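If you count the sequence shown from 1, position 8 lands on 211 in this note's numbering, and the numbers rise without skipping. Glycine residues also receive a C-beta, built at the ideal position from the N, C-alpha and C atoms. If you're wondering where the values come from, they're calculated on a predicted model, not measured in any experiment. See below for the structure under consideration.
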Amino acid sequence: MTNRPPEPILHVDLDAFYASVEVLKDPALAGKPVVVGGAGTRGVVMSASYEARAYGIRSAMPAVRARRLCPDAAFVPPDFESYKAHSNRFREVLRSVTPLVEPIALDEAFLDVGGAGLLFGEPEGIARRIREEVAREVGVTCSVGVAPSKLVAKLASTRAKPDGLIHVQADGVPAFMEPLPVDALWGVGEVTGELLRRLGVRTVGDLARTPEGVLERLLGDVTARTLSELARGIDDRPVVPYEAPKSISHEETFGRDLDDQGALLREVLSLSHKVAARLREDGYRARTVVLKARLANFTTLTRSRTLPDPTDVGADIFHVAGDLLRSLPGARRRFRLLGVQATGLVPAGAEQLALLRGERWSDVERALDRIDRRFGTGSAMPAALLKPRGRRSR
Ligand SMILES: [Mg+2]
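Rendered as C-alpha cells:
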C-alpha cells in the first residue's frame with residue numbers, strides 16, 4: 204500500500220434512480236418521460252427520467268409545473284420499498300470491491316480504493332468494473348467520478364452523467380474546477396451564491412482568485428476559509444465507511460415485576476414487531492432471534508435460536524421468541540425486564556427483490572409500517588396487542 208494511487212476516491216451515483224427503478228418495474232415505461240412523485244396538485248417531483256428532463260423537468264420542481272412542461276409524462280407514486288431493495292443490492296456490489304464504502308444516499312456513495320488497488324487494479328479500472336457490475340446486478344446505470352478528493356469526485360460524477368466516467372487527475376484539478384459555477388460547491392446555496400455574484404464571483408475559478416480577506420468580510424471567517432479551500436480543490440475529508448449493525452433489539456423494563464404468562468407473551472409480541480419494523484426500515488433480515496429475560500432477583504437469562512431462513516417478519520420473530528419464553532426453566536417466575544434481539548443480520552438485497560413479489564406476511568406487515576408512518580406508531584398492531592392490558596405496565 205505504499206504506492207497509494209494519487210486519485211483514490213470514487214463517487215458512484217445511480218442515474219435518475221427512482222425513475223430508473225420504475226422503468227425496471229414496468230418496462231412499458233422505457234424510453235418515455237417518467238416522473239416519480241408529484242401526485243396531486245401540491246406535490247413535487249422526486250425524480251425524473253432523462254427523457255422527462257429533456258422537457259425541462261427537474262427534481263424538487265412543483266408537480267404542477269412539471270405537468271405543464273410535459274402533460275404526457277407518466278407520473279408514478281414513489282415506491283421506497285423497491286428503491287431500498289435496489290439500493291441494498293447497489294451497496295453490496297460496492298462492498299465487493301472494498302469495505303471502505305460511505306453511502307450518502309440510497310443512490311450514491313463514496314469509496315476509497317487506495318488500498319484496493321493491489322487486488323483490483325488502478326482506480327479508473329475499478330470504476331469501469333463497478334459501472335459494468337452495477338448495470339448488470341442492479342439494472343440501473345451509474346456515473347462515476349475518480350479524483351484525489353471527495354469534493355472533486357462528486358463534481359466529476361455529476362459532470363459524467365448520465366452513464367459516464369470522469370477521471371480527474373491530481374494535476375488536472377484546477378483546470379476541471381475553475382470553469383464550474385460557484386454554486387456547484389458544497390455550502391453555496393442561493394443566499395451565498397447571490398452575495399458572491401454581486402461581488403462578480405461567478406465561477407469556482409473566480410472564487411479561488413478572490414483574496415480570503417474579501418470573502419471574510421462578506422461571509423464570515425469560517426465560511427470564507429472553507430469556500431476558499433474548496434475552490435482550490437482542497438478537501439481532505441476521509442471516506443468514513445458505514446458499519447452495518449451487528450444486531451437490532453428492543454427491550455422493556457416493567458414498572459412492576461410481571462408474572463402473568465399472557466401479559467408476558469403480549470410484551471414479547473410487541474417487542475418482536477418493533478424489532479421486525481426496524482429490520483425492514485434498515486433493510487436487514489435476521490438469522491437468529493435472542494430472548495433476554497431479567498428476573499425479579501436480577502438474574503439475566505438469554506436464550507437464542509437460529510431460523511431456517513432469515514426474516515424481517517414480526518410473526519416469525521414472535522414465533523421463536525415466544526417459544527423461548529415458554530421454555531425458560533421454572534414456571535411462574537417474576538420478570539422485571541424482557542428483550543428481543545435479532546442478530547446474524549443479512550442485507551435484504553437481491554433476496555428482498557424476490558420477496559417483494561410474494562410472501563403474504565411480509566406484505567401485511569409492510570402495509571402496517573405504512574399505516575404507522577402515516578398515523579403514528581401503534582396505530583396498527585396485531586389483535587393480541589389490543590387485548591386489555593391487565594397487569595401489563597409501561
Ligand atoms: Mg443519483
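Mind checking residue i: buried by the 16 CB within 10 Å criterion, or exposed?
| i | result |
| --- | --- |
| ARG483 | buried |
| ILE333 | buried |
| GLY517 | buried |
| THR413 | buried |
| SER530 | exposed |
| ILE451 | buried |
| ASP438 | buried |
| ASN500 | exposed |
| ARG420 | exposed |
| LYS449 | exposed |
| ASP275 | exposed |
| VAL296 | buried |
| TRP564 | Because the pLDDT at TRP564 is just 45, under 50, the model does not fix this residue reliably, and the point stays unresolved. |
| ARG592 | In this prediction, ARG592 scores a pLDDT of 44, lower than 50, which makes its location untrustworthy; no coordinate-derived value is stated. |
| ALA447 | exposed |
| ASP315 | buried |
| ALA350 | buried |
| ASP218 | buried |
| GLU455 | buried |
| PRO513 | buried |
| GLY445 | In the sequence under discussion, the amino acid at residue 445 is Tyr, which differs from the Gly named in the question. By the neighbour-count rule (16 or more Cβ atoms within 10 Å), TYR445 is not buried but exposed. |
| ASN206 | exposed |
| PRO598 | Nothing about residue 598 can be read from this structure; the chain reaches only from 204 to 597. |
| PHE220 | buried |
| TYR286 | buried |
| ILE329 | buried |
| GLU470 | buried |
| ALA545 | buried |
| LEU303 | buried |
| ASP519 | buried |
Tell me the DSSP bridge mates of residue i?
| i | result |
| --- | --- |
| VAL492 | ARG508, ALA545 |
| GLY240 | VAL248 |
| PHE501 | Answer by DSSP bridge pairing: none, since PHE501 is not bridged. |
| PHE538 | LEU461, LEU498 |
| SER352 | For SER352, which the question treats as bridged, DSSP gives no partner whatsoever. |
| PRO550 | TYR487 |
| PHE278 | VAL238 |
| VAL215 | ALA312, VAL347 |
| SER452 | GLN544 |
| HIS289 | Beta-bridge pairing links HIS289 to no other residue. |
| LEU368 | VAL347 |
| GLU381 | Answer by DSSP bridge pairing: none, since GLU381 is not bridged. |
| VAL304 | LEU314 |
| PRO265 | VAL247 |
Under 8 Å by Cβ, that's how I've got residue i and residue j pegged, so tell me the actual separation to the nearest angstrom.
| i | j | result |
| --- | --- | --- |
| ALA524 | SER475 | 5 Å |
| ALA277 | LEU232 | 6 Å |
| LEU528 | LEU433 | Not quite, the Cβ-Cβ distance comes to about 56 Å (not below 8 Å), so this is no contact. |
| VAL547 | ALA489 | For clarity, residue 547 is Gly in the given sequence; the question names Val instead. Yes, GLY547 and ALA489 are in contact; Cβ-Cβ is about 6 Å, under 8 Å. |
| VAL224 | VAL337 | That pair is no contact at about 13 Å. |
| VAL478 | HIS453 | 5 Å |
| ASP462 | ARG536 | 7 Å |
Beta-carbon separation of residue i and residue j under 9 Å?
| i | j | result |
| --- | --- | --- |
| LEU494 | THR502 | no |
| GLU305 | PHE313 | yes |
| ASP409 | VAL443 | no |
| ILE472 | VAL347 | According to the sequence displayed, residue 472 carries Leu and not Ile. Their beta carbons are not under 9 Å apart, which means LEU472 does not touch VAL347 by this criterion. |
| PRO365 | TYR253 | yes |
| HIS370 | GLU335 | no |
| GLY241 | MET249 | yes |
| ARG435 | MET380 | yes |
| THR429 | GLY392 | no |
| LEU540 | ALA496 | yes |
| VAL417 | LEU398 | no |
| ARG229 | ASP310 | Rather than Arg, the amino acid found at residue 229 in this sequence is Asp. Not a contact, by the Cβ cut-off of 9 Å. |
| ALA317 | PRO382 | The sequence given here places Gly at residue 317; Ala does not occur at that position. No, these two residues do not count as a Cβ contact at 9 Å. |
| PRO209 | ALA378 | no |
| ALA269 | VAL238 | yes |
| THR395 | LEU358 | no |
| VAL279 | ALA266 | no |
| THR426 | ALA387 | no |
| ALA222 | ALA251 | yes |
| ARG400 | LEU368 | no |
| VAL610 | VAL404 | For the chain, the structure presents residues 204 to 597; residue 610 sits outside this window and is missing. |
| PHE538 | ASP460 | yes |
| ASP526 | ARG508 | yes |
| VAL341 | PHE323 | no |
Determine, using beta carbons only, whether residue i comes closer than 9 Å to chain D.
| i | result |
| --- | --- |
| LEU388 | No chain D is part of this structure, which consists of one protein chain only. |
Would you check whether ligand 3 has a heavy atom nearer than 8 Å to the C-beta of residue i?
| i | result |
| --- | --- |
| ALA308 | This structure simply doesn't include ligand 3; it includes ligand 1 instead. |
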